[in-house]
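**Student:**
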Amino acid sequence: MGAIRFTFLLGLFGLVAGCGGGGSGGGGDDTSLTLSASTVTFEAFVAEPAAETKTLQVSWTGSKVAGFIVGTLPGQTLPSWLDVTAVGTSNPTTLQITRRPVALPTGRQSITLRVVTGDANQNIFDTRDFTVTLDVVAVPTAAPTALSWVETEQPANRAIAITRDSRVQIASVTPTVDWISAAVSGDSINLSGTAASAALAPGAVTGAVRATFSLGGRQRIVDIPVTGMISPALSGTASLAYEVNASTQAANLSNLAVTVTAATQSAIGFNVQSSAAWLIATGTTTGAPGNVSVSLSPSELQQMGYGIHNATLTIAPTGSSARPLQIPVSLNLRLPEVHFVAPVAFTDSVANDYVIARGAGFSDPAAVPSLDGQVMGGVTVMSDTELRFVPGARAAGDYEVRVSNNLGFTRDSANLRVAEPPSYGNFTMAAAVELQERVVSSPINGVVLSSNCYFCWDGDSKSTLQRFSYDAGTQTWTRTQHAYPGLYDFAFSPDESQLIVMTSTDVLLVDPLTMATIQSYPLPFQIGGSSRQLAVLNSGVVIIDDLRRGFSLRSRQFVEVPNYLAGGGLAVSIDGSRAMFGSPTNSGDVPYGYLDASNGAIYTSPTRQHYARGIYSRHAEAGFTNNYVLNADLELRGTLPVASHAGDLSPDGTRAYGLDYAAGALRVFDITGSEPFAEILPAYAAPGVDAYSGGRVAIDPSGRAIFVISETDFTVIALP
Numbered sequence: 001m002g003a004i005r006f007t008f009l010l011g012l013f014g015l016v017a018g019c020g021g022g023g024s025g026g027g028g029d030d031t032s033l034t035l036s037a038s039t040v041t042f043e044a045f046v047a048e049p050a051a052e053t054k055t056l057q058v059s060w061t062g063s064k065v066a067g068f069i070v071g072t073l074p075g076q077t078l079p080s081w082l083d084v085t086a087v088g089t090s091n092p093t094t095l096q097i098t099r100r101p102v103a104l105p106t107g108r109q110s111i112t113l114r115v116v117t118g119d120a121n122q123n124i125f126d127t128r129d130f131t132v133t134l135d136v137v138a139v140p141t142a143a144p145t146a147l148s149w150v151e152t153e154q155p156a157n158r159a160i161a162i163t164r165d166s167r168v169q170i171a172s173v174t175p176t177v178d179w180i181s182a183a184v185s186g187d188s189i190n191l192s193g194t195a196a197s198a199a200l201a202p203g204a205v206t207g208a209v210r211a212t213f214s215l216g217g218r219q220r221i222v223d224i225p226v227t228g229m230i231s232p233a234l235s236g237t238a239s240l241a242y243e244v245n246a247s248t249q250a251a252n253l254s255n256l257a258v259t260v261t262a263a264t265q266s267a268i269g270f271n272v273q274s275s276a277a278w279l280i281a282t283g284t285t286t287g288a289p290g291n292v293s294v295s296l297s298p299s300e301l302q303q304m305g306y307g308i309h310n311a312t313l314t315i316a317p318t319g320s321s322a323r324p325l326q327i328p329v330s331l332n333l334r335l336p337e338v339h340f341v342a343p344v345a346f347t348d349s350v351a352n353d354y355v356i357a358r359g360a361g362f363s364d365p366a367a368v369p370s371l372d373g374q375v376m377g378g379v380t381v382m383s384d385t386e387l388r389f390v391p392g393a394r395a396a397g398d399y400e401v402r403v404s405n406n407l408g409f410t411r412d413s414a415n416l417r418v419a420e421p422p423s424y425g426n427f428t429m430a431a432a433v434e435l436q437e438r439v440v441s442s443p444i445n446g447v448v449l450s451s452n453c454y455f456c457w458d459g460d461s462k463s464t465l466q467r468f469s470y471d472a473g474t475q476t477w478t479r480t481q482h483a484y485p486g487l488y489d490f491a492f493s494p495d496e497s498q499l500i501v502m503t504s505t506d507v508l509l510v511d512p513l514t515m516a517t518i519q520s521y522p523l524p525f526q527i528g529g530s531s532r533q534l535a536v537l538n539s540g541v542v543i544i545d546d547l548r549r550g551f552s553l554r555s556r557q558f559v560e561v562p563n564y565l566a567g568g569g570l571a572v573s574i575d576g577s578r579a580m581f582g583s584p585t586n587s588g589d590v591p592y593g594y595l596d597a598s599n600g601a602i603y604t605s606p607t608r609q610h611y612a613r614g615i616y617s618r619h620a621e622a623g624f625t626n627n628y629v630l631n632a633d634l635e636l637r638g639t640l641p642v643a644s645h646a647g648d649l650s651p652d653g654t655r656a657y658g659l660d661y662a663a664g665a666l667r668v669f670d671i672t673g674s675e676p677f678a679e680i681l682p683a684y685a686a687p688g689v690d691a692y693s694g695g696r697v698a699i700d701p702s703g704r705a706i707f708v709i710s711e712t713d714f715t716v717i718a719l720p
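Sequential numbering of the sequence shown, starting at 1, is according to this note's numbering.
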């Protein structure tokens, strides 16, 4: 028998017991070779992860057969997806044909193998061929499915089409969530909503249908994504916004209809709840436009403050499991109100000099200001928050300033305070107060106050307010002392009805007539810095220099002051319209600046000089710091031989006053023109002031007198 060329896979020659051997071979008529099958077939999904084994039996006859070998045909090699092994050495022998888990493209793979028997000398007796076939099948696919339905209802039935090979069977389908069911119908999976889908809240949900596919007894599981979008049963406008201003009429507060609709197949009954007393709403069912009636409560609006107010309308279904619909509502209440009037006016100038009313809502054309119940003419609307007007001739007293609205609502008002200019005569009395830091005159309260902060100077007067009160009947002054531990600074409210005292721990509101503390407010944190910390704006915000914040006299809270940079001691105009600041540096690199109370803006000056203890006139017409004379915008106009730390400006900004320590005198300069500024002679004597003892100066807001407080004396100088 001739030799056959093939590739050996395995061989069993000499392994079968009892076989004959030797000689030159030769088949003989008593040999045969039989295979249990001529074909072995595999079916597998693409990227099948597990191996699979099938068997084929090899049997033979003939006493000379020593065994068999298996190999590929000439020119072929065993593919990577196939292994062939023999189990045992007996006759018959089992071949294990194994499909290995190798990644292959879809399609058919095939190989023919040959079994050969022979004797111990490898002489061939018989051959038989068998074919191994592998069909690689694509995994079935299905597109992700999106369902949508309305809250309290179920999604419509949906069929998912399956793309599969005809040899692949759908074994089972199981949802991974409870809000859908699934069933197989031919090449489709039919989805239906369950009762659980009707109970889901509006929004997005996700799940899957887990499909099990079978191929040749093997299974592959595929998760088919299913998403759901549940729409609310009730819908309406996303939000409501209303504005009530001076032009608003009473009819505008009611019949503010809103439409709520139902996305369900039938109408939904509901009731309406409001989270705020000022917002009134009613309604019963969907199905008609304007089915929610909204109105604004006049009685509540009268009690509410200026600004934005928020509320929520809740549309609560009745007889339905639908979730409530919530509609946010905002109200911009812009009914004009007056907060402060400043400064205190005097009977001799009230007919010619203007005052400032601060509040809100002034820019509305229906906002009509009145003074003492009479509509005012000649009012200048500076902004929505500021009015300026000349009150006209008035006797001393309080006069209500109010701004009307078309609704006739009573809103906040403030008083213009008018005082008789004091008729102070020249006066001096001993007052061992040591060197003071700040001096302020308030003729409407009949007092002059001065202070020595707790860290300013050594001595018994530290942390003490000196109060000099005037008796018009006797035309004399008396002094009382009031201790405030950790005293920093003090100032008056815009209308001088309250005294503001700042200590190292608190802001105190004090009655200037009785000196009783009304209320105290702890500082948000401790500060260092200079003694002159306070500047009271006519908006009612008390700027606290080193705190870099303000304290609101209206809200009684600490508030932010945007863009403010701490200075070296604040100075504010008498009318509270501007606050001056700067830095005590000699390098000339920090500009002077001021805060405009009308808009809260910070302005800087081109002047870059050392700053200390600045002064503004009544309406900020002129400024004075160190020995520099400044205009309203803090531009440098010239210098003086006296300094602001021991000086002051006349209320109209035409004169500057300053102590000459060496001469022990108070000098006066006309600053209406240009430099050099003319001195007005003679100078005034300043008791207790000399080259070794200093003093402080403050002019009365009426311009009728100036006060000099030295370390030993309190002096009143009547001015012409």
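Yeah, the Cβ is synthetic: ideal placement off N, Cα and C, and Gly gets one too.
The structure presented is a predicted model; accordingly, all values stated were derived computationally and were not measured.
1) Counting along the chain, where does the alpha helix (DSSP H) carrying P651 start and finish?
2) Rounding to the nearest angstrom, what Cα-Cα distance links A201 and S266 in this structure?
3) Tell me, to the nearest whole angstrom, how far the beta carbon of K54 is from that of V40; I am working on the premise that it is less than 8 Å.
4) Where does A683 fall in DSSP's three states?
5) On the three-state DSSP scale, how would you describe H645?
6) How long is the line joining the alpha carbons of G23 and T61, rounded to whole angstroms?
7) With distance defined between alpha-carbon atoms, name the residue in G653, V536, E400 and S59 nearest to Q374.
8) Please state whether the Cβ-Cβ distance between I139 and P175 is less than 8 Å.
9) For V689 versus I680, is the C-beta distance shorter than 8 Å?
10) Tell me which same chain residues have a C-beta within less than 7 Å of the C-beta of D589, skipping the five on either side of it?
11) With DSSP collapsed to three states, give me the class of S293.
12) Given a cut-off of 8 Å on the beta-carbon distance, is the pair S451 and E434 in contact?
13) Is it buried or exposed for P343, if we count other Cβ within 10 angstroms and need 16 for buried?
14) Where does the unbroken alpha helix (DSSP H) through V299 begin, and where does it stop?
15) Applying the 10 Å Cβ sphere with the 16-neighbour rule, what's the burial state of A414?
16) Counting pairs of Cβ atoms below 8 Å between the stretch 205 to 221 and the stretch 250 to 259, do you hit three or more?
17) Note the first and the last residue of the continuous beta strand (DSSP E) segment covering S463.
18) Under a Cβ-count criterion, where at least 16 other Cβ atoms within 10 Å of its own Cβ denotes burial, should D700 be classed as buried or exposed?
19) With DSSP run on the structure shown, which of helix, strand or coil describes L253?
20) By how many angstroms is the C-alpha of Q481 removed from the C-alpha of V507?
21) Just curious, the alpha helix (DSSP H) that S197 is in, first and last residue?
22) Jot down the residue ranges of each uninterrupted beta strand (DSSP E) in the stretch 605 to 636, minimum 3 residues, whole runs only, in chain order.
23) Could you check what DSSP says for I221 in three-state terms: helix, strand or coil?
24) For Y454 and N406, what's the separation of their Cα atoms in angstroms?
25) Which one of R100, L73 and I97 has the shortest CA to CA distance from V116?
26) Per DSSP, what kind of secondary structure is W278 in: helix, strand or coil?
27) Restricting to Cα atoms, I'd like to know which of T248, D670 and A322 is closest to P365.
28) Just the C-alpha distance for L113 and F68, rounded to the nearest angstrom, thanks.
29) Do T625 and G582 have their CB atoms nearer than 8 Å?
30) Below 8 Å on the Cβ atoms is my guess for L387 versus F362; work out the distance and round it to an integer in Å.
31) Put Q265 into one of helix, strand or coil per three-state DSSP.
32) Roughly how many angstroms lie between the CA atoms of A322 and A233, to the nearest whole one?
33) Have a look at S504 and V559 and give me their C-alpha separation to the nearest angstrom.
34) So L335 and V244 are in contact, right, with Cβ under 8 Å, and what is the actual spacing, rounded?
35) For A718, collect the residues of the same chain with a Cβ closer than 8 Å to its Cβ; drop the 5 residues on either side in sequence, then sort them by chain order.
36) Does DSSP put W179 in a helix, in a strand, or in coil?
**Tutor:** The answer reads as follows:
1) In the sequence shown, the residue the question calls residue 651 occupies position 651. Neither: P651 is in no alpha helix (DSSP H) and is coded neither H nor E.
2) To locate residue 201, count along the sequence shown from 1; it is residue 201. To locate residue 266, count along the sequence shown from 1; it is residue 266. Those two C-alpha atoms are separated by around 19 Å.
3) Position 54 of the sequence shown, counting from 1, holds the residue named residue 54. Position 40 of the sequence shown, counting from 1, holds the residue named residue 40. Indeed, because the Cβ distance is near 5 Å, the residues count as touching under 8 Å.
4) Taking the first residue of the sequence shown as position 1, residue 683 is located at position 683. The answer is strand: DSSP assigns A683 an E or B state.
5) Looking up residue 645 in the sequence shown gives position 645. It is helical.
6) Start at 1 with the first residue of the sequence shown, and residue 23 comes out as number 23. Start at 1 with the first residue of the sequence shown, and residue 61 comes out as number 61. Confidence is the limiting factor: at G23 the pLDDT is only 33, short of 50, which leaves the residue's position unreliable, though a coordinate-based value still follows. In a straight line, the C-alpha of G23 is about 19 Å away from that of T61.
7) In the sequence shown, the residue the question calls residue 374 occupies position 374. If we check each option's Cα against that of Q374, E400 comes out closest.
8) For the purposes of this step, residue 139 is taken as the residue at position 139 of the sequence shown. For the purposes of this step, residue 175 is taken as the residue at position 175 of the sequence shown. What sits at residue 139 in the sequence shown is Val, not Ile. No, the Cβ-Cβ distance between V139 and P175 is not below 8 Å.
9) Numbered from its first residue, the sequence shown carries residue 689 at position 689. Numbered from its first residue, the sequence shown carries residue 680 at position 680. Cβ atoms of V689 and I680: not closer than 8 Å.
10) Here residue 589 refers to the residue found at position 589 of the sequence shown. Excluding positions up to five away in sequence, the list reads R608.
11) Sequence index remark: in the sequence shown, residue 293 carries index 293 (1-based). Residue state, collapsed to three classes: strand.
12) Numbered from 1 along the sequence shown, position 451 holds the residue referred to as residue 451. Numbered from 1 along the sequence shown, position 434 holds the residue referred to as residue 434. No, they are not a contact pair.
13) Looking up residue 343 in the sequence shown gives position 343. Looking at its Cβ environment, which holds 16 or more other Cβ atoms inside 10 Å, P343 is buried.
14) The residue given as residue 299 occupies position 299 in the sequence shown. In the sequence on display, residue 299 carries Ser and not Val. Run containing S299: P298 to Q303, per the alpha helix (DSSP H) assignment.
15) Against the sequence shown, residue 414 aligns to sequence position 414. Buried: at least 16 other Cβ atoms inside 10 Å.
16) no
17) Taking the sequence shown and counting its residues from 1, one reaches residue 463 at position 463. Looking at the DSSP string, S463 is not in any beta strand (DSSP E), and its letter there is neither H nor E.
18) Counting from 1 along the sequence shown, the entry for residue 700 is found at position 700. Buried.
19) Stepping through the sequence shown from its first residue, residue 253 is reached at position 253. In the structure shown, L253 sits in a helix (DSSP, three-state: H, G or I).
20) Reading the sequence shown from its first residue, position 507 is the one you call residue 507. Reading the sequence shown from its first residue, position 481 is the one you call residue 481. Rounded to whole angstroms, V507 to Q481 spans 19 Å at the Cα level.
21) For this step, residue 197 is matched to residue 197 along the sequence shown. Its alpha helix (DSSP H) spans residues A195 to A198.
22) 622 to 625 and 628 to 631
23) Numbered from its first residue, the sequence shown carries residue 221 at position 221. Note: I221 maps to strand in three-state DSSP.
24) On the sequence shown, residue 454 is found 454 positions in, with the first residue counted as 1. On the sequence shown, residue 406 is found 406 positions in, with the first residue counted as 1. Near 53 Å, if we compare the C-alpha coordinates of N406 and Y454.
25) Taking the first residue of the sequence shown as 1, we reach residue 116 at position 116. Selected option, being the one with the closest Cα: L73.
26) To locate residue 278, count along the sequence shown from 1; it is residue 278. In the structure shown, W278 sits in coil (DSSP, three-state: anything other than H, G, I, E or B).
27) Along the sequence shown, read from residue 1 onward, the residue named residue 365 stands at position 365. The residue with the shortest Cα to Cα distance from P365 is T248.
28) Position 113 of the sequence shown holds residue 113. Position 68 of the sequence shown holds residue 68. Those two C-alpha atoms are separated by around 13 Å.
29) Along the sequence shown, one-based indexing puts residue 625 at 625. Along the sequence shown, one-based indexing puts residue 582 at 582. Yes, the pair counts as a contact, with Cβ atoms nearer than the cut-off.
30) Residue 387 sits at position 387 when you count from the first residue of the sequence shown. Residue 362 sits at position 362 when you count from the first residue of the sequence shown. Sure, about 5 Å apart at Cβ, within 8 Å.
31) Position 265 of the sequence shown holds residue 265. Reduced to three states, the DSSP call for Q265 is coil.
32) Your numbering for residue 322 matches position 322 in the sequence shown. Your numbering for residue 233 matches position 233 in the sequence shown. Going by the C-alpha atoms only, they are around 6 Å apart.
33) Against the sequence shown, residue 504 aligns to sequence position 504. Against the sequence shown, residue 559 aligns to sequence position 559. The alpha-carbon atoms of S504 and V559 are separated by roughly 18 Å.
34) For this step, residue 335 is matched to residue 335 along the sequence shown. For this step, residue 244 is matched to residue 244 along the sequence shown. Yes, they are in contact, since the Cβ atoms of L335 and V244 sit about 6 Å apart, within 8 Å.
35) As a working note, residue 718 is residue 718 in the sequence shown. Cβ within range, chain order: Y424, G425, N426, R704 and A705.
36) As a working note, residue 179 is residue 179 in the sequence shown. Looking at W179 - three-state DSSP - the assignment turns out to be coil, as it is neither helix nor strand.
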